[in-house]
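Position 58 of the sequence shown, counting from 1, maps to 58 under my numbering, and the rest follow consecutively.
Cβ atoms here follow ideal geometry from the backbone N, Cα and C, with glycine treated the same way.
All values derive from a computational prediction rather than experimental measurement.
A short write-up of the structure that comes next.
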Amino acid sequence: MRISGAGLVYFHARMAYVSGMRKLLPSLLMLLPLAAQATEVYRSVDERGNVVFTDKPSSGAKKITVDPAPATSVVIPNVPSAAPAQAEPSARPGSEPFTGYADMRITQPGEGEGLVSTAGDIDVSINLHPLLRVDLGHGLTVMLDGQPVIENTSRMNIALNNVDRGEHVLQAHVVDAQGQMLIQSAPVRFSLQRASLLMPGRQQVPGAPLNPIPSPVPQPR
1 MRISGAGLVY FHARMAYVSG MRKLLPSLLM LLPLAAQATE VYRSVDERGN
51 VVFTDKPSSG AKKITVDPAP ATSVVIPNVP SAAPAQAEPS ARPGSEPFTG
101 YADMRITQPG EGEGLVSTAG DIDVSINLHP LLRVDLGHGL TVMLDGQPVI
151 ENTSRMNIAL NNVDRGEHVL QAHVVDAQGQ MLIQSAPVRF SLQRASLLMP
201 GRQQVPGAPL NPIPSPVPQP R
(Lines of atoms letter the chains of each structure in order from A and count residues from 1; the text may use other names and numbers.)
(Lines give C-alpha, C1' and ligand atoms only; values in the text may rest on other atoms or scores of the structure.)
Protein backbone atom coordinates (compact mmCIF):
# COMPACT_ATOMS: atom_id res chain seq x y z
CA MET A 1 0.00 0.00 0.00
CA ARG A 2 1.39 3.40 -0.99
CA ILE A 3 0.95 6.47 1.20
CA SER A 4 0.88 9.94 -0.30
CA GLY A 5 3.11 12.70 0.95
CA ALA A 6 0.33 14.45 2.87
CA GLY A 7 -0.65 11.18 4.48
CA LEU A 8 2.92 10.49 5.45
CA VAL A 9 3.22 13.90 7.10
CA TYR A 10 -0.02 13.31 8.98
CA PHE A 11 1.18 9.89 10.06
CA HIS A 12 4.45 11.24 11.48
CA ALA A 13 2.61 14.07 13.23
CA ARG A 14 0.18 11.60 14.75
CA MET A 15 2.96 9.38 15.99
CA ALA A 16 4.75 12.36 17.49
CA TYR A 17 1.56 13.37 19.29
CA VAL A 18 1.06 9.89 20.71
CA SER A 19 4.70 9.69 21.76
CA GLY A 20 4.45 13.08 23.44
CA MET A 21 1.34 12.09 25.30
CA ARG A 22 3.00 8.91 26.52
CA LYS A 23 5.85 10.95 27.94
CA LEU A 24 3.53 13.63 29.25
CA LEU A 25 1.32 11.26 31.21
CA PRO A 26 4.00 10.02 33.67
CA SER A 27 5.08 13.59 34.25
CA LEU A 28 1.55 14.65 35.08
CA LEU A 29 1.11 11.67 37.38
CA MET A 30 4.29 12.64 39.23
CA LEU A 31 2.99 16.17 39.64
CA LEU A 32 -0.33 15.11 41.14
CA PRO A 33 0.95 14.71 44.73
CA LEU A 34 2.54 18.15 44.50
CA ALA A 35 -0.51 19.80 43.01
CA ALA A 36 -1.53 21.29 46.32
CA GLN A 37 1.95 22.84 46.81
CA ALA A 38 3.58 23.46 43.41
CA THR A 39 2.03 26.16 41.29
CA GLU A 40 4.77 26.63 38.63
CA VAL A 41 5.29 24.24 35.69
CA TYR A 42 7.68 24.72 32.79
CA ARG A 43 6.85 23.64 29.25
CA SER A 44 9.57 22.91 26.73
CA VAL A 45 10.11 21.04 23.47
CA ASP A 46 12.94 18.53 23.18
CA GLU A 47 15.12 17.84 20.12
CA ARG A 48 12.58 15.46 18.67
CA GLY A 49 9.74 17.92 18.93
CA ASN A 50 8.20 16.30 22.00
CA VAL A 51 6.49 18.57 24.50
CA VAL A 52 7.91 18.12 28.01
CA PHE A 53 6.46 19.48 31.26
CA THR A 54 8.70 19.83 34.29
CA ASP A 55 8.93 21.78 37.52
CA LYS A 56 12.57 22.77 36.83
CA PRO A 57 13.29 25.74 34.55
CA SER A 58 15.49 25.22 31.51
CA SER A 59 16.62 27.32 28.58
CA GLY A 60 13.75 28.01 26.25
CA ALA A 61 11.19 26.65 28.69
CA LYS A 62 7.92 28.47 29.06
CA LYS A 63 6.59 29.09 32.54
CA ILE A 64 3.01 27.99 33.13
CA THR A 65 1.09 28.86 36.28
CA VAL A 66 -1.08 26.02 37.51
CA ASP A 67 -3.79 26.76 40.04
CA PRO A 68 -3.82 24.35 42.98
CA ALA A 69 -6.63 21.85 42.96
CA PRO A 70 -9.39 22.81 45.32
CA ALA A 71 -9.49 20.79 48.47
CA THR A 72 -12.33 18.36 48.55
CA SER A 73 -14.10 18.17 51.86
CA VAL A 74 -15.86 14.99 52.73
CA VAL A 75 -19.01 15.51 54.72
CA ILE A 76 -19.71 12.64 57.08
CA PRO A 77 -23.43 12.41 57.76
CA ASN A 78 -24.44 12.45 61.38
CA VAL A 79 -26.04 9.05 61.70
CA PRO A 80 -27.53 8.45 65.13
CA SER A 81 -26.13 5.40 66.78
CA ALA A 82 -28.51 2.52 67.07
CA ALA A 83 -30.08 2.14 70.47
CA PRO A 84 -28.95 -0.98 72.31
CA ALA A 85 -31.37 -3.80 71.86
CA GLN A 86 -33.47 -4.41 74.93
CA ALA A 87 -34.13 -7.93 76.02
CA GLU A 88 -37.72 -8.91 75.49
CA PRO A 89 -39.51 -10.00 78.60
CA SER A 90 -40.00 -13.71 78.61
CA ALA A 91 -43.30 -15.22 79.54
CA ARG A 92 -41.65 -18.36 80.88
CA PRO A 93 -41.42 -18.40 84.68
CA GLY A 94 -37.98 -20.02 84.53
CA SER A 95 -36.40 -16.93 82.93
CA GLU A 96 -36.14 -15.04 86.23
CA PRO A 97 -34.48 -15.94 89.54
CA PHE A 98 -36.83 -17.40 92.11
CA THR A 99 -37.44 -15.13 95.10
CA GLY A 100 -40.42 -16.92 96.64
CA TYR A 101 -44.18 -16.99 96.24
CA ALA A 102 -46.15 -13.93 97.26
CA ASP A 103 -49.74 -15.18 97.35
CA MET A 104 -51.71 -18.42 97.19
CA ARG A 105 -55.45 -18.82 97.61
CA ILE A 106 -58.30 -21.16 96.76
CA THR A 107 -60.84 -19.31 94.62
CA GLN A 108 -63.26 -22.21 94.08
CA PRO A 109 -65.18 -23.35 96.07
CA GLY A 110 -65.72 -20.21 98.09
CA GLU A 111 -65.56 -19.97 101.87
CA GLY A 112 -68.79 -21.36 103.39
CA GLU A 113 -70.23 -22.29 100.00
CA GLY A 114 -72.85 -25.03 99.79
CA LEU A 115 -72.49 -27.41 96.86
CA VAL A 116 -74.87 -29.99 95.46
CA SER A 117 -73.60 -32.92 93.40
CA THR A 118 -75.17 -36.31 92.93
CA ALA A 119 -71.81 -37.95 92.14
CA GLY A 120 -69.85 -35.89 94.66
CA ASP A 121 -67.77 -34.02 92.05
CA ILE A 122 -66.02 -30.84 93.23
CA ASP A 123 -64.18 -28.32 91.00
CA VAL A 124 -61.20 -26.71 92.73
CA SER A 125 -59.42 -23.59 91.40
CA ILE A 126 -56.20 -22.23 92.91
CA ASN A 127 -54.52 -18.87 92.30
CA LEU A 128 -50.72 -18.75 92.79
CA HIS A 129 -48.47 -15.72 92.31
CA PRO A 130 -45.93 -15.82 90.78
CA LEU A 131 -46.46 -18.83 88.55
CA LEU A 132 -45.51 -22.29 89.74
CA ARG A 133 -41.80 -22.95 89.12
CA VAL A 134 -42.03 -26.41 87.63
CA ASP A 135 -38.48 -25.96 86.27
CA LEU A 136 -37.22 -25.97 89.87
CA GLY A 137 -39.15 -29.10 90.78
CA HIS A 138 -42.00 -27.33 92.60
CA GLY A 139 -45.34 -29.15 92.84
CA LEU A 140 -48.84 -28.49 94.14
CA THR A 141 -50.58 -30.60 96.79
CA VAL A 142 -54.30 -30.41 97.59
CA MET A 143 -55.55 -31.48 101.01
CA LEU A 144 -59.14 -32.46 101.83
CA ASP A 145 -59.92 -32.72 105.54
CA GLY A 146 -56.19 -32.94 106.29
CA GLN A 147 -55.49 -35.76 103.83
CA PRO A 148 -53.68 -35.30 100.48
CA VAL A 149 -55.97 -36.03 97.54
CA ILE A 150 -53.74 -34.54 94.79
CA GLU A 151 -49.93 -34.50 95.06
CA ASN A 152 -47.09 -33.02 92.99
CA THR A 153 -49.23 -31.54 90.24
CA SER A 154 -48.78 -28.38 88.18
CA ARG A 155 -52.49 -27.95 87.40
CA MET A 156 -54.31 -25.06 89.07
CA ASN A 157 -57.79 -26.33 88.12
CA ILE A 158 -58.55 -29.71 89.65
CA ALA A 159 -61.63 -31.94 89.78
CA LEU A 160 -62.26 -34.05 92.89
CA ASN A 161 -64.58 -37.02 92.50
CA ASN A 162 -66.81 -38.98 94.85
CA VAL A 163 -66.49 -36.57 97.76
CA ASP A 164 -68.68 -37.56 100.70
CA ARG A 165 -71.64 -35.44 101.69
CA GLY A 166 -71.27 -33.10 104.61
CA GLU A 167 -68.86 -30.34 105.65
CA HIS A 168 -65.26 -30.36 104.47
CA VAL A 169 -62.06 -28.31 104.76
CA LEU A 170 -59.98 -27.73 101.62
CA GLN A 171 -56.37 -26.48 101.63
CA ALA A 172 -53.42 -26.40 99.21
CA HIS A 173 -49.67 -25.83 99.43
CA VAL A 174 -46.54 -25.84 97.24
CA VAL A 175 -43.48 -27.96 97.98
CA ASP A 176 -40.02 -27.88 96.45
CA ALA A 177 -38.00 -30.76 95.03
CA GLN A 178 -36.93 -31.77 98.56
CA GLY A 179 -40.50 -31.83 99.85
CA GLN A 180 -40.19 -28.62 101.86
CA MET A 181 -43.34 -26.49 102.01
CA LEU A 182 -42.86 -23.09 100.36
CA ILE A 183 -46.33 -21.54 100.71
CA GLN A 184 -49.75 -22.62 101.96
CA SER A 185 -53.24 -21.31 101.26
CA ALA A 186 -55.80 -20.42 103.88
CA PRO A 187 -58.30 -23.22 104.61
CA VAL A 188 -61.65 -23.07 102.83
CA ARG A 189 -64.74 -24.65 104.41
CA PHE A 190 -67.64 -25.83 102.29
CA SER A 191 -70.53 -28.27 102.50
CA LEU A 192 -71.68 -30.85 99.98
CA GLN A 193 -75.14 -32.26 99.47
CA ARG A 194 -75.57 -35.39 97.39
CA ALA A 195 -79.13 -35.85 96.12
CA SER A 196 -80.70 -39.29 96.37
CA LEU A 197 -80.96 -41.27 93.17
CA LEU A 198 -84.31 -42.69 94.26
CA MET A 199 -85.84 -39.33 95.16
CA PRO A 200 -83.88 -36.52 93.39
CA GLY A 201 -85.98 -33.79 94.98
CA ARG A 202 -85.35 -34.95 98.51
CA GLN A 203 -82.18 -35.23 100.56
CA GLN A 204 -81.33 -38.62 101.94
CA VAL A 205 -80.38 -38.60 105.59
CA PRO A 206 -76.96 -40.17 106.12
CA GLY A 207 -77.32 -43.68 107.59
CA ALA A 208 -81.07 -43.90 106.97
CA PRO A 209 -82.26 -47.12 105.32
CA LEU A 210 -83.77 -47.10 101.89
CA ASN A 211 -87.56 -47.22 101.56
CA PRO A 212 -88.51 -50.72 102.84
CA ILE A 213 -90.57 -53.09 100.75
CA PRO A 214 -93.94 -53.61 102.51
CA SER A 215 -94.55 -57.10 103.81
CA PRO A 216 -97.49 -58.98 102.27
CA VAL A 217 -100.69 -58.91 104.34
CA PRO A 218 -102.06 -62.40 104.97
CA GLN A 219 -105.45 -62.96 103.42
CA PRO A 220 -108.21 -64.81 105.34
CA ARG A 221 -109.07 -68.26 104.08
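* **Cut-off 7 Å between Cβ atoms - residues of its own chain near Ser117, not counting five sequence neighbours on either side** => Residue numbering aside, residue 117 sits at position 117 when the sequence shown is read from its first letter. Leu192, Arg194.
* Asked: Does the beta-carbon of Pro57 have 16 or more other beta-carbons within 10 angstroms, so that it is buried, or is it exposed?
  -> Against the sequence shown, residue 57 aligns to sequence position 57. Exposed: under 16 other Cβ atoms inside 10 Å.
* Out of Leu131, Gly110, Leu136, state which residue places its alpha-carbon closest to the alpha-carbon of Leu124. => Residue mapping note: residue 124 aligns to position 124 of the sequence shown, counting from 1. It should be noted that the sequence gives Val, not Leu, for residue 124. Of Leu131, Gly110, Leu136, the residue nearest in Cα terms is Gly110.
* How about Leu160 and Leu136: are their beta carbons less than 8 Å apart? -> Here residue 160 refers to the residue found at position 160 when the sequence shown is read from its first residue. Here residue 136 refers to the residue found at position 136 when the sequence shown is read from its first residue. Against a cut-off of 8 Å, the Cβ pair of Leu136 and Leu160 comes out as no contact.
* To do: Given a cut-off of 8 Å, decide if Ala177 and Ile106 are closer than it, judged by their beta-carbon atoms.
  => Your numbering for residue 106 matches position 106 in the sequence shown. Your numbering for residue 177 matches position 177 in the sequence shown. For Ile106 and Ala177, no; Cβs fall outside 8 Å.
* **Delimiting residues of the beta strand (DSSP E) encompassing Lys63** => For the purposes of this step, residue 63 is identified with residue 63 of the sequence shown, where counting begins at 1. Element bounds for Lys63: 62-65.
* Asked: Can you tell which of Arg48, Asp103, Ser44, Asn50 has its C-alpha closest to the C-alpha of Lys62?
  -> Position 62 of the sequence shown, counting from 1, holds the residue named residue 62. Closest by alpha carbon: Ser44.
* Determine the direct distance from the alpha carbon of Phe98 to that of Leu158, and round the result to whole angstroms. => For this step, residue 158 is matched to residue 158 along the sequence shown. For this step, residue 98 is matched to residue 98 along the sequence shown. According to the sequence as given, residue 158 is Ile; it is not Leu. For Ile158 and Phe98, the distance between alpha carbons rounds to 25 Å.
* Counting along the chain, where does the beta strand (DSSP E) carrying Arg133 start and finish? -> Here residue 133 is taken as the residue at index 133 of the sequence shown, counted from 1. Neither: Arg133 is in no beta strand (DSSP E) and is coded neither H nor E.
* Residues near Leu252 in its chain [Cβ-Cβ closer than 6 Å; skip 5 each side] -> Residue 252 is absent from the structure shown; the chain starts at 1 and stops at 221.
* Which residues bound the beta strand (DSSP E) around Thr54? -> Within the sequence shown, the letter at position 54 stands for residue 54. Element bounds for Thr54: 51-54.
* To do: Assign Met15 to one of two classes, buried (16 or more other C-beta atoms within 10 Å of its C-beta) or exposed (fewer than that).
  => In the sequence shown, counting from the first residue as 1, residue 15 sits at position 15. It is exposed - the Cβ of Met15 has fewer than 16 other Cβ atoms within 10 Å.
* Helix, strand or coil for Met15 per DSSP? -> Your numbering for residue 15 matches position 15 in the sequence shown. Residue state, collapsed to three classes: helix.
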